[in-house]
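Asks: Before I ask anything, let me first share the structure, which is written out below as structure tokens.
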Amino acid sequence: MTPHMLTRSLDRGATMFLAIVAACGILIPLSNLLLPAGSFFQVPTYLVALWGKYVCYAILALSIDLIWGYCGILSLGHGAFFALGGYAMGMYLMRQIGTRGVYGNPILPDFMVFLNWQKLPWYWYGFDMFWFAALMVLFVPGLLAFCFGWLAFRSRVTGVYLSIITQAMTYALLLGFFRNDFGFGGNNGLTDFKDILGFNVQAEGTRATLFALSCLALIVGFLICRAIVTSKLGKVLIAIRDAESRTRFLGYRVESYKLFVFTVSACMAGVAGALYVPQVGIINPSEFAPGNSIEAVIWVAVGGRGTLAGAALGAVVVNYAKTFFTSGVLAPYWLFMLGALFILVTLLLPKGIVGTFNAWWEPFKAKNGVANEAAEDGVSEPKMAE
Amino acid sequence: MLANLPARLCALALSLFLIAFALPAFAGPFEDAVAKFANDDFSDTDEAIGVVASSGNKLAFPIISALQDGRLMADPDSKKVYVVGADGKSIDAATGEPVASVPDSASAVRLNNRLRRSVDAALGSLTLQSPDLAVRLQAAQSVFKSHEETALEAVDGALAKETNKSVKVALGEARAAILLFKSDATEVEKLEAVATLKARGDQEALALLTGMGDQPASVTKAAASAIGSIQSSLAVWSTVQNAWYGLSLGSVLLLAAIGLAITFGVMGVINMAHGEMVMLGAYTTFVVQEVIRTRYPALFDYSLLIAVPLAFLVSGAIGVLIERSIIRFLYGRPLETLLATWGLSLVLQQAVRTMFGPTNREVGNPSWMSGAFELGQITITYNRLWILCFTLAVFAILLAMLRYTALGLEMRAVTQNRRMAASMGIATSRVDALTFGLGSGIAGIAGVALSQIDNVSPNLGQSYIIDSFMVVVFGGVGNLWGTLVGAFTLGIANKFLEPVAGAVLGKIAILVLIILFIQKRPRGLFALKGRAVEA
Amino acid sequence: MLTKSTHDIAASFSRRGLLAATAGLMLGLASITGAKAADDTIKVGVLHSLSGTMAISETTLKDTILFLIDEQNKKGGVLGKKLEAVVVDPASNWPLFAEKARELITKDKVAVVFGCWTSVSRKSVLPVFKELNNILFYPVQYEGEESERNVFYTGAAPNQQAIPAVDYLMKDEKVKRWVLAGTDYVYPRTTNKILEAYLKSKGVAQEDIMINYTPFGHSDWQTIVADIKKFGSAGKKTAVVSTINGDANVPFYKELGNQGIKAKDIPVVAFSVGEEELAGIDTKPLLGHLAAWNYFQSIKTPANEKFIKEWQAYTKNPKRTTNDPMEAHVIGFNMWVKAVEKVKSTDPDKVIDALPGIEAPNLTGGTSKMLPNHHITKPVFIGEIKGNGQFDVVWKTPSLVPGDAWSKELDGSKDLIGDWVEKKCGNYNVKTNKCLGSGS
């Protein structure tokens, strides 16, 4: 990423978004660690963990927006990449438990001991090293996305067909990971983590650091996405989104572009999953559930498809709503509210929160003589047609 | 001979009555045994059944059959045992004397599985000569299952008098089963028995042959060859059985997907709330059955017939409502319908959960949907058979409707070219609403059928939605025939994979196959062709 | 200090107002959600799914705890304070369980939590309870192999359900051939491993054991029921031991009934089918199939009859059923109340230390005791399904069975015990005299 690309890719909105994320990434951990517990400005550890989760979801939303908002690929299976990244990290964390597991077995995780497994399956080798696990976090989702995309895009599977087979993919993985024979802990998944890189995962300092890292990952992810969508490549992607056949007739190798952006997006989702696991403390097959992937798409729609910052915002808003509604007197009715939110957003805010805000802000800006940045950076709202 | 049976029966009953009175009530082994029923101890009851059944006492049959139906009452305090007749009149089980009423402290003698088997065996030998053909057949089968030596005499006696061919065969098989296990039977008898069982050729015969224990060498050899021949014929049947299971699963998939084939395939609306329409249909069935149970119990066997149109109306009306209030604002943005209908499905699920509670609701099977019949060596359950027929009927009616009615014509016109249809004077928005209502209504009908084989719970729809989408996409969006072929292909493939790979891996394999298949044919089995497709 | 730094950073950007507002909003949120706990009540957390796939089972348990709290408050509460339930909905979503547990403990400052159904939900909240040092009462039968300082297991361990059931079938029904059918997840896998080892130790040959797993929510049982039929036709008495998970049972039993498999031919003994599950099925074809539990609604004791009456009055539903996990909550709740009254405090450390040894009457006429391994003693009943959706008890253990945290049948755990009183260790190896791993 050259400095030129960086400056070109950042407009005011993007700068603002980055500033807010950076501020949260710095201030929240600091306040959590430095201020005395119970003080008005102190962010309790429980909120740090909670917001850390939101930020991971925001990264996932960003990765979906990159392919859906800018390339028209609606993946209903992105949760699979997220979960695979999570499992890679979870396997590292499991190996770190060592003899502190309930059976005290230095090599085998607990769930293998009590199912009488004698030795570690080959695919668990190497996960005791952080660098290897970190590589796998990118490599496994990336490889799956590459293979899947290579097949699908080459044979020109598009639209709902693509959406449904991505759903089939995550559903197949869900069923597979449920099986205890797969060697990933079955339905219980991987849990009871102790250390990450020698730090206790439950310590406040570790949590704060993980939160800051998640914010950092969100920033980096955002920059990568901006760099992609504002480059020439990005313009081709938008062309594919709006008229795939025409782009192909113009001589672009549509499938290569799609494959590239799909793989990048899967790797991002993998990173989000990897950051999510140590903060939540468990990874299990329910992350592969097709419903989770659909919900992630909904975050993007709520925030605003084709507006990267909006996707991240949507993830935070929807998940905050979920946290809020599932407690207290509203608990029995929260599904009504969540459902209503989805319906109302699609009906009343078809461009999402940020998209609607932009539409309202554009004419206002023009009147005040602010340069038309949206036109400059070449990123327009997607036509919502498929 | 059959004609004078009633007269004979009367005479029998009369003599029974006389004997009961003629014998003075002294405490013999029979009376002791009867008193044991009052101990509420399973081993004592078992002993009592054996003694009573072999006593030759004429009260044996009424006592044992009362025991089977829970009409044998025992008073733990007085150790008296009573038989409550089907007509409500009671007699003392030990003496046969009528009693005015059974004391309140008496309760029905309890059974467990072991005792139920004893009861069946006892009743089997007692009813081998019953005038009722069905009872005789059942008795012969019970004896076949229990194959106790003590029944041999009764079987021989019955065999000599039996005239009905099928009962005769059953008795012969029962006799063979007994002889096979009788230690002092001759080798010739045993060889004959093996031959009889080989001719029967089903799993139960196989069970007897494999479990017969030590036998003379010639018998063991004959049994081994019989086992081999039964097994190879069963293997052929199991292929037929898998095919039937596949058809049955396919029909369920088709039924669940067919409504989606309309809303998604024809209209292009990705209706994630489709499963909830199915669920509403199932709950409609539940409500109909509840009303029938409380008000008109006689109509229970017709409950499903009543539920089908109602479910169609309920789900259809809600479908129209959804189309008018939500979907119609989203035409041309198919992926957004996904989001809105997903939200809708959450709302509908929670609404049902609030109204009917989160637990399963009981939907009963009418008598004509219960049970099974044997076709060769495979079991075909009535509910699956009816669902298959029902599915095909729904499919045929739907095709005919689209093909031959004015509404069908309008629907096809609007989906093919909306603007042209509008300029021809078709009220497109009305057609949209009706099409969506039709798709939802059919989902509701599917719910009626699914309530017969699955849980009726708020989660019912969720378990079918993914499979339904797979079916529609696999068959090719926009083509009803594709959905039909897709559903049956997936169903049969699944059922042939399941015995090999197990249920979980089989399902995974099917999903992977769908993914690979879509690479080969990116628009499903029966792809629509033409320019509109690429738009 | 914080406002100042916020200000500094904000000043360096163009839209400082918005930024400051956002930061302010986040901090404000922190303070709102961290509301203080009222002092005049004792808060009790209820962590059961009210939506999603598990709502079907867990909603009843939420109602049970609300009912128990209501009854306790009528008696004057605990330590002179009223109990107050804090209900959250973890929505059958495992990470959400962890989040909600954290919220209950840190934000609502509950003294104790009653919750979870599935093992994975318990595993998901475990680290939270350990970290924040609170108490969880877990009311469901489970696979065992766990003894944690912060968790009290009031449901059955495998030796309190599975093994007695198999013993009954072996002795009373003379079963020689076994089908172990389960949903493919940890509880059935572990239970079947334990049963397999146990059956082999009793001389059952490998070819007389068939193990079969199905996915969650499996609805097409035709093939499997046919396989069971086939397996049962080998000339030996056959039984099915079912660890099939709740939802899949209805279609399973419907298929059994329709294919004509009667209990007297091939009995099915289930560990996850109770009164609640049977409410969704016409049970007449299922007459005689079995279930093993530590409680049945049909058991006639004064305590049980009183409980059922009050429960039905509380829920205003004269047909509302009761079941085994509900009884586990009743026992657990009463034990907690007794422990709190014993130490005159709700401080988790004190209550945890006080709980082992506490006794509370169960609803079937006995007195259950909390053991040092945090499991309880329970009677085991085998019930046969009756036509009215209830069970008829055909066998029971002569005395209460103490729960084993660690199965004696598995190689990995046969030397382990849990003892939080003397050894202060959940996984103590009696051979090496060492507390394995980090223990707590």
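So the sequence lines, in the order shown, correspond to chains W, D and A. Using UniProt numbering, you'd call the opening residue of the first sequence number 1 and step up by one each time. Using UniProt numbering, you'd call the opening residue of the second sequence number 1 and step up by one each time. Using UniProt numbering, you'd call the opening residue of the third sequence number 1 and step up by one each time. For every residue, glycine included, the Cβ atom is placed at its ideal position computed from N, Cα and C.
Which term fits Gly246/A, buried or exposed, when burial requires 16 or more other beta carbons within 10 angstroms of its beta carbon?
Replies: buried
Asks: Could you check where the alpha helix (DSSP H) with Ala257/D kicks off and where it finishes?
Replies: Annotation for Ala257/D: the continuous alpha helix (DSSP H) segment containing it runs Ala217 to Leu260.
Asks: Give the residues from the stretch 198 to 223 of chain W that approach chain A closer than 7 angstroms (Cβ to any Cβ), ordered along the chain.
Replies: Gln202
Asks: Which bits of chain A does Phe178/W rub up against, with CB to CB less than 8 angstroms?
Replies: Asp184, Tyr185, Pro215 and Phe216
Asks: Just grab the DSSP bridge partners of Phe152/A for me.
Replies: Phe137/A
Asks: Could you name the residues of chain W that Gln519/D contacts, counting a contact when the two beta carbons are closer than 9 angstroms?
Replies: Leu151, Ala152, Arg154, Ser155, Val157 and Ile165
Asks: Considering only residues of the same chain and omitting the five flanking positions on each side of Ala443/D, which have a CB-CB separation below 7 angstroms?
Replies: Gly259, His274, Met277, Val278, Gly281 and Ser315
Asks: Give the list of continuous alpha helix (DSSP H) stretches no shorter than 4 residues that lie fully inside the stretch 302 to 337 of chain W.
Replies: Whole alpha helix (DSSP H) segments, 4+ residues: 308 to 325.
Asks: Is it the case that the Cβ atoms of Gly144/A and Pro127/A are separated by a distance below 7 angstroms?
Replies: no
Asks: From Thr432/A to Pro372/A, what does the alpha carbon distance come to, in whole angstroms?
Replies: 20 angstroms
Asks: Return the CA-CA distance between Lys36/A and Thr64/A, expressed in angstroms with no decimal places.
Replies: The predicted position of Lys36/A is uncertain, since its pLDDT is 42 and thus under 50; a value taken from the coordinates is nonetheless stated next. Taking the straight line joining both Cα atoms gives about 27 angstroms.
Asks: Please specify which runs of the alpha helix (DSSP H), each continuous and at least 4 residues long, are wholly inside the stretch 272 to 357 of chain A, giving them in chain order.
Replies: 275 to 278, 302 to 314, 324 to 343 and 348 to 354
Asks: Residues of the stretch 40 to 72 of chain W in Cβ contact with chain A at a cutoff of 9 angstroms, in chain order, please.
Replies: Phe40, Phe41, Gln42, Val43, Pro44, Thr45, Tyr46, Leu47, Ala49, Leu50, Trp51 and Lys53
Asks: In chain A, which residues lie less than 7 angstroms from Ile282/W when you measure between Cβ atoms?
Replies: Within chain A, Trp94, Pro95, Ala98, Lys123 and Ser124 have C-beta atoms less than 7 angstroms from the C-beta of Ile282/W, given in sequence order.
Asks: Please report the residue range of the beta strand (DSSP E) in which Ile42/A lies.
Replies: Thr41 to Leu47
Asks: Cβ of Ala487/D less than 7 angstroms from any chain A Cβ?
Replies: no
Asks: Tell me, please, whether the CB atom of Phe357/W is closer than 7 angstroms to any CB atom in chain A?
Replies: no
Asks: The ligand GDP heavy atoms versus the CB of Gly50/D: any closer than 6 angstroms?
Replies: Among the components of this structure there are no ligands whatsoever, and the ligand GDP is therefore not found.
Asks: Closer than 6 angstroms by C-beta to Ala205/D: which residues in its own chain qualify, once you throw out the five before and the five after it? Chain order, please.
Replies: Leu197
Asks: Drop a sphere of 10 angstroms on the beta-carbon of Met355/D, count the other beta-carbons inside from all chains shown, and report buried for 16 or more, exposed for fewer.
Replies: Exposed.
Asks: Leu74/W and Ser163/W: beta carbons closer than 7 angstroms?
Replies: yes
Asks: Should Val240/A and Val166/A be called a contact, given that it needs their Cβ atoms to be closer than 7 angstroms?
Replies: No.
Asks: Please give the ranges of any beta strand (DSSP E) in the stretch 350 to 390 of chain D, keeping only runs that are unbroken, at least 3 residues long and fully inside the region.
Replies: Fully enclosed beta strand (DSSP E) runs of 3 or longer: 372 to 375 and 378 to 381.
Asks: Span of the beta strand (DSSP E) holding Trp395/A?
Replies: Phe391 to Lys396 is the extent of the beta strand (DSSP E) around Trp395/A.
Asks: Under 8 angstroms between beta-carbons, which chain W residues line up against Leu410/A? List them in chain order, please.
Replies: Phe114 and Asn116
Asks: Consider the Cβ of Leu335/W: report whether some Cβ of chain D lies at a distance smaller than 7 angstroms.
Replies: yes
Asks: By the criterion of Cβ-Cβ separation under 9 angstroms, what are the contact partners of Ala372/D in chain A?
Replies: Asn258, Gln259 and Gly260
Asks: Taking just the CA atoms, how far does Ile385/A sit from Gln297/A?
Replies: Rounded to whole angstroms, the gap between the alpha carbons of Gln297/A and Ile385/A is 12 angstroms.
Asks: Answer yes if the stretch 146 to 164 of chain W comes into contact with the stretch 53 to 60 of chain W, meaning at least three C-beta pairs across the two stretches below 8 angstroms, and no otherwise.
Replies: no
Asks: Any C-beta of chain D sitting closer than 7 angstroms to the C-beta of Ala168/W?
Replies: yes
Asks: When burial is assigned at 16 or more other CB atoms within 10 Å of the CB, is Thr391/D buried or exposed?
Replies: buried
Asks: Run the CB neighbour count on Ser242/A, radius 10 Å, all protein chains shown included, and call it buried at 16 or more, exposed below.
Replies: buried
Asks: Tell me the start and end of each unbroken alpha helix (DSSP H) in the stretch 39 to 107 of chain D that is at least 4 residues and wholly inside, in chain order.
Replies: Counting whole runs of 4 or more residues, the stretch 39 to 107 of chain D contains the alpha helix (DSSP H) stretches 42 to 54 and 60 to 68.
Asks: At least one CB of chain W closer than 7 angstroms to the CB of Ser119/A: is that the case?
Replies: yes
Asks: Looking only at DSSP bridge pairs, what is Glu84/A linked to?
Replies: Lys43/A
Asks: In chain order, what residues of the same chain have a beta carbon less than 8 angstroms from the beta carbon of Leu434/D, not counting five sequence neighbours either side?
Replies: Val320, Leu407 and Met411
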